[in-house]
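There are 2 protein chains.
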Amino acid sequence: MIEVAERTRPPSVAGKVMAILDAFADGGVRLTLSEICRRAGLPPATGHRLVGELTAGDFLERAPDGTYHVGTRLWRIGTRAGAVTGLRELALPHMEDLYEATHDNVQLAVLRDGSALYLERLRGTRSVPIVTHVGSALPLHATGVGKVLLAFAPEREREAVLAAGLPALTPRTITDPERLRRCLAEVRRDGYAVTRDEMTIGAASVAAPVRAADGTVVAALSLVARTRSADLRRLLPPLTTAARALSRDVAVHWRGDAAARRDSA
Amino acid sequence: MIEVAERTRPPSVAGKVMAILDAFADGGVRLTLSEICRRAGLPPATGHRLVGELTAGDFLERAPDGTYHVGTRLWRIGTRAGAVTGLRELALPHMEDLYEATHDNVQLAVLRDGSALYLERLRGTRSVPIVTHVGSALPLHATGVGKVLLAFAPEREREAVLAAGLPALTPRTITDPERLRRCLAEVRRDGYAVTRDEMTIGAASVAAPVRAADGTVVAALSLVARTRSADLRRLLPPLTTAARALSRDVAVHWRGDAAARRDSA
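In the order they appear, the protein sequences are chains A and B. If you count by our numbering, then the first sequence holds residues 1 to 265, one letter each, in order. If you count by our numbering, then the second sequence holds residues 1 to 265, one letter each, in order.
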């Protein structure tokens, strides 16, 4: 993937369009025109013209207060993403079963650009409030799904994440690389990961790998519950059962996308 | 919204980029370069160059077989769509409750561009297989959610849909405008809609409106079950209960997006 900032030539119009849309990937849901231009690195006149075109095409929408947000048309195109939709569709029934058995938050994430990218999340009216939403990217070292994805990633990728630094999200986050390496070795040995207050104070999680036909870990499934009341040993059997059932479905139905994923990784 | 085809001037580069991405909105998940160019109405050289830029930016991804699909980056930006994400997040706990009470398909849809656009769908391992997925747009006159959205739409919008024709999806689809008008009057009177085999043979649905603070219907919630075994009278109480609970949440938390929706409609 080519980052806009790494380009030596000035960005093309297509590059500017992508930069404008990218401004919404990590930011607030609503942005003003000047925020969009600043994030995209575009002069106001160019930004104004292109944002106008994107709004006319329903890729962006303009709220009555003058701010912009991602439009329904762009959302709809995004739902066609092969690598996401295929896995999500396979996972949903298993995630439903897991939700029903536990009533905790149920999450599905993949490793993408050095983060845990959340493809789906189910939560109930009684689940502990958590920071993730669908499309969130969270640190690998501080989340249950992240530890699973990191533990089973190629060593080079794992060491690159460790070398990039392990910021403390809470006082309980594992920030020592050697301690994290030992923790990840345990995840590989045990086949699951556990976190307690490491991403959010008050939230604990258990996570398990989802494997493709060749054994490659393609995703992680997790349950997030209240640290105080969660009996993680009780959560583990339904979680690993659902992760294995999903792995069987992935092995049968998801070869093409798994290949695409490895190809693009 | 300005359709590309309606423009009198040749499309700008931003317009071409949108046309390429739009090629994936209604088509297959995977498209060849020539399919993309044909759908976007672009000469091969232009299409090749822009698809290459979009692939380098991870807006599109290229599979090992040379086909393209929507990239994870574009999916992620799409998840930030204000009008969709806000409503979906509010609806999900209520949809979970509904799934748990019934084990049938649970769907959330809004009226968009004369179709029922499905924002979310939960389904279990035992639910009846249906044609919708998240991001699908289905005919209003043949679906439960569609009948609700159409019944409570402004009369001008409703008559425009009826005037555009009512194609038969199955032999049971209501194709007579006068009969559909009577059916929609019943939906307004009863506060719910029913379909039996009208979109897919074997599938029946009940649907109820989701209202904003001012009473405007902003979405529809539905249950889809097997026609043969579904007792729709049994499904109605949990459905209308969940739709009312979601309406209360929407009334409190969703004013901004409701305003944006009306503004853009």
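For every residue, glycine included, the Cβ atom is placed at its ideal position computed from N, Cα and C. Predicted, not measured: the structure shown is a model, and the values here were computed from it.
Step through the CB atoms of chain B and report whether any lies within less than 8 Å of the CB of residue i.
| i | result |
| --- | --- |
| A:TRP75 | yes |
| A:GLU157 | no |
| A:THR102 | no |
| A:ASP231 | no |
| A:PHE152 | no |
| A:ALA260 | Bear in mind that a pLDDT of 42 at A:ALA260, under 50, signals an unreliable position, so the model cannot answer this. |
| A:ALA45 | no |
| A:LEU50 | yes |
| A:GLU53 | yes |
| A:ARG30 | yes |
| A:PRO129 | no |
| A:ARG112 | yes |
| A:GLY146 | no |
| A:GLY191 | no |
| A:GLU6 | Reliability fails at A:GLU6, whose pLDDT of 49 lies under 50, so the model's placement of it is uncertain and no value is given. |
| A:ALA251 | no |
| A:GLU61 | yes |
| A:LEU72 | It is Thr, not Leu, that sits at residue 72 of chain A in the sequence shown. It does; some Cβ of chain B falls within 8 Å. |
Using CA coordinates, which residue listed in the options is at the minimum distance from residue i?
| i | options | result |
| --- | --- | --- |
| B:MET18 | B:LEU60, B:LEU236, B:HIS141 and B:VAL217 | B:LEU60 |
| A:VAL148 | A:ARG172, A:LEU33, A:VAL210 and A:PRO93 | A:VAL210 |
| B:TRP254 | B:GLU89, B:LEU33, B:ARG62 and B:ASN105 | B:GLU89 |
| A:PRO64 | A:PRO93, A:THR32 and A:PRO237 | A:THR32 |
| B:VAL70 | B:ALA40, B:PHE24 and B:CYS37 | B:PHE24 |
| A:ASN105 | A:LEU235, A:SER247, A:ARG248 and A:ALA245 | A:LEU235 |
| B:ALA298 | B:THR200, B:ARG233, B:SER247 and B:LEU232 | Here chain B covers residues 1 to 265 and nothing more, so residue 298 of chain B does not appear. |
| A:VAL110 | A:LEU169, A:GLU198, A:ALA242 and A:THR216 | A:THR216 |
| A:GLU35 | A:TYR68, A:GLU159 and A:ASP197 | A:TYR68 |
| B:VAL292 | B:ALA40, B:ASP22, B:ASP26 and B:ARG39 | There is no way to answer for residue 292 of chain B, as the model of chain B reaches only from 1 to 265. |
Here's a check: name, in chain order, each residue in its chain whose Cβ is nearer than 8 Å to the Cβ of residue i, leaving out the five neighbours to either side.
| i | result |
| --- | --- |
| B:GLY202 | VAL128, ARG226, THR227 and ARG228 |
| A:ARG73 | GLY57, ASP58 and PHE59 |
| A:GLU155 | none |
| B:ARG181 | LEU162 |
The beta strand (DSSP E) spanning residue i covers which residue range?
| i | result |
| --- | --- |
| A:VAL70 | 68-70 |
| A:GLY120 | The sequence shown places Glu at residue 120 of chain A, rather than the Gly named in the question. Taken as a continuous stretch (DSSP letters only), the beta strand (DSSP E) holding A:GLU120 covers 115-122. |
| B:LEU162 | Not the beta strand (DSSP E): B:LEU162 falls in the alpha helix (DSSP H), residues 155-163. |
| B:LEU223 | 217-226 |
| B:ALA193 | 193-196 |
| B:VAL134 | Element bounds for B:VAL134: n/a, residue is neither H nor E. |
Assuming contact is defined by CB atoms lying nearer than 8 Å, are residue i and residue j in contact in what I supplied?
| i | j | result |
| --- | --- | --- |
| A:LEU42 | A:LEU239 | no |
| B:PRO292 | B:PRO139 | Because chain B in this structure spans residues 1 to 265, residue 292 of chain B falls outside the shown range and cannot be described. |
| A:GLY191 | B:THR79 | no |
| A:ALA81 | B:LEU50 | no |
| B:THR173 | B:ALA207 | no |
| A:ALA151 | A:LEU184 | yes |
| B:VAL84 | A:TRP75 | yes |
| A:GLU120 | A:ALA91 | yes |
| A:ALA137 | A:LEU117 | yes |
| B:LEU232 | B:MET199 | no |
| B:LYS16 | B:THR46 | yes |
| B:SER12 | A:GLU53 | yes |
Considering only residues of the same chain and omitting the five flanking positions on each side of residue i, which have a CB-CB separation below 6 Å?
| i | result |
| --- | --- |
| B:SER205 | GLY144, THR195, SER222 and VAL224 |
| B:GLY114 | VAL161 |
| A:ALA193 | GLY144, LYS147, VAL148, VAL187 and ALA207 |
| A:MET95 | VAL106 and LEU122 |
| A:PRO44 | CYS37 |
| A:ALA245 | HIS94 |
| B:THR175 | LEU166 and ALA168 |
List the endpoints of the continuous alpha helix (DSSP H) containing residue i.
| i | result |
| --- | --- |
| A:THR85 | 82-102 |
| B:PRO237 | 232-253 |
| A:VAL187 | 177-190 |
| A:LEU149 | 144-151 |
| A:VAL51 | 44-56 |
| B:LEU33 | 33-40 |
| B:LEU21 | 13-22 |
Could you check whether the Cβ of residue i sits closer than 7 Å to any heavy atom belonging to the ligand GDP?
| i | result |
| --- | --- |
| B:ALA203 | Ligands in the displayed structure: none, and consequently the ligand GDP is not present. |
Would you please verify whether the beta carbon of residue i is less than 8 Å from any beta carbon of chain A?
| i | result |
| --- | --- |
| B:GLY15 | yes |
| B:SER12 | yes |
| B:SER247 | no |
| B:HIS141 | no |
| B:TYR99 | yes |
| B:ALA265 | Confidence at B:ALA265 is low in this model, with a pLDDT of 35, below 50, so its placement is unreliable and the value that follows should be read with caution. By this cut-off, B:ALA265 is not an interface position. |
| B:LEU92 | yes |
| B:LEU223 | no |
| B:TRP254 | no |
| B:MET199 | no |
So, at 7 Å on beta carbons, what are the nonlocal neighbours of residue i in its own chain, with the 5 sequence-adjacent residues on each side left out?
| i | result |
| --- | --- |
| A:ALA212 | VAL218, VAL250, ALA251, TRP254 and ALA258 |
| B:ALA230 | ALA204 |
| B:PRO177 | LEU162 and LEU166 |
| B:THR132 | GLN107, TYR118, ARG121 and LEU138 |
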